[in-house]
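Colleague: Shown below is the structure under consideration.
Protein chains in written order, with the working numbering: chain L, 278 to 430; chain Y, 44 to 181.
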């Protein structure tokens, strides 16, 4: 995977949406349990974002509204987007697992999984600590994930 | 109201993972003072192992230039070996590399004297090489 110009603001918008929906959803969910159905919606949003940039709702929101309005400024870095995509996939998988527990009405486990995603999103949002990216590097190191041999630029 | 436990359990789970990572990091520190790889250390001079990877941005933008600048100012016989963890995963495993970049300073006998996890600047590495036995021109 090549090192390319990559706008980190898209990630920040994604993390802000995740944290807001999960925390607000959880607080509302303490009194109104059906709000837990927001978790499958988030799972679909995350997995769709990994599948295609055109289905990436936070990216579209950023490109068509937040960036033109000057609400969020671009933060372009030269880096490989693959670790971030893997981290997003991981978040999507956690939320998909949470969705299974919503369907089976085991809400405690569903919200635990959602809170893990929210906490990891917070770490990345506030401190640029991307746990999914660290896991990606470890998986590459032990040979479970392939890595292209294109030279770094 | 059992749902009130959800954030606490999540934070405890993340805390446990962070603790495990710290323990692993501690495991790497145990290598200091030991010889991990006896072969390839024939010059009796200290050397640096630089662990990097294709996806490691800071390796390419900061660590590699810092090492090149360091290499230009020291004895050319002192080896700075760049190791791509995807190409040599076994060596990375033996040195317990968990994060990139990692630079490991070896003395003339191949004994680990310093382990730097994350970016290490040229000044620090120079000092570590001196501590590992590099002669400084008067």
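Just so it is clear, CB atoms sit at the ideal spot from N, CA and C, and this is done for glycine as well. Bear in mind the structure is a predicted one, so any value in this text is a computation, not a measurement.
Hey, could you find the ends of the alpha helix (DSSP H) residue 301/L is sitting in?
Modeller: That run of the alpha helix (DSSP H) goes 285 to 306.
Colleague: Using a C-beta cutoff of 9 Å, does residue 50/Y count as contacting chain L?
Modeller: Taking Cβ atoms only, chain L reaches closer than 9 Å to residue 50/Y, which makes this a yes.
Colleague: Since residue 413/L and residue 364/L should fall inside the 8 Å C-beta cutoff, what is the C-beta to C-beta distance between them, to a whole number of angstroms?
Modeller: Going by Cβ atoms, the distance from residue 413/L to residue 364/L rounds to 7 Å, so yes, they are a contact pair.
Colleague: Please confirm if the region 379 to 388 of chain L is in contact with the region 322 to 342 of chain L, defined as three or more CB-CB distances below 8 Å between the two stretches.
Modeller: Short answer: they don't touch.
Colleague: To be precise: take each residue of the region 376 to 394 of chain L, compare its Cβ to all Cβ atoms of chain Y, and keep it if any distance is under 9 Å. Which residues remain?
Modeller: Within the region 376 to 394 of chain L, the qualifying residues are 384, 385, 386, 387, 388, 389, 390, 391, 392, 393, 394.
Colleague: I need the boundaries of the alpha helix (DSSP H) containing residue 133/Y, first residue and last residue.
Modeller: Residues 132 to 137.
Colleague: Taking one C-beta from the region 140 to 158 of chain Y and one from the region 168 to 179 of chain Y each time, how about it: are there three or more such pairs within less than 8 Å?
Modeller: They touch, by the three-pair rule.
Colleague: Should the region 56 to 63 of chain Y be regarded as contacting the region 98 to 112 of chain Y, the criterion being three or more beta carbon pairs within less than 8 Å?
Modeller: Contact fails: fewer than three Cβ-Cβ distances are below 8 Å.
Colleague: What's the C-alpha gap between residue 53/Y and residue 176/Y?
Modeller: Their Cα atoms are separated by approximately 48 Å.
Colleague: Along the chain, where does the alpha helix (DSSP H) containing residue 336/L start, and where does it finish?
Modeller: It spans 334 to 338 - the alpha helix (DSSP H) in which residue 336/L sits, taken as one unbroken run.
Colleague: Could you run through the region 320 to 352 of chain L and flag, in chain order, every residue whose CB is less than 9 Å away from some CB of chain Y?
Modeller: Listed by position along the chain: nothing, the set is empty.
Colleague: In chain Y, which residues lie with their C-beta within 8 Å of the C-beta of residue 360/L?
Modeller: What residue 360/L touches in chain Y: 98.
Colleague: Could you spell out the range, first to last residue, of the alpha helix (DSSP H) harbouring residue 376/L?
Modeller: Note, residue 376/L: alpha helix (DSSP H), 359 to 380.
Colleague: Go ahead and label residue 292/L buried or exposed: buried means 16 or more other beta carbons lie within 10 angstroms of its beta carbon, across all protein chains shown.
Modeller: By the 10 Å Cβ count, residue 292/L comes out buried.
Colleague: Any beta-carbon of chain L closer than 9 Å to the one on residue 53/Y?
Modeller: Yes, its Cβ sits closer than 9 Å to a Cβ of chain L.
Colleague: Tell me whether residue 73/Y sits in a helix, a strand or coil according to DSSP, three-state version.
Modeller: Note: residue 73/Y maps to coil in three-state DSSP.
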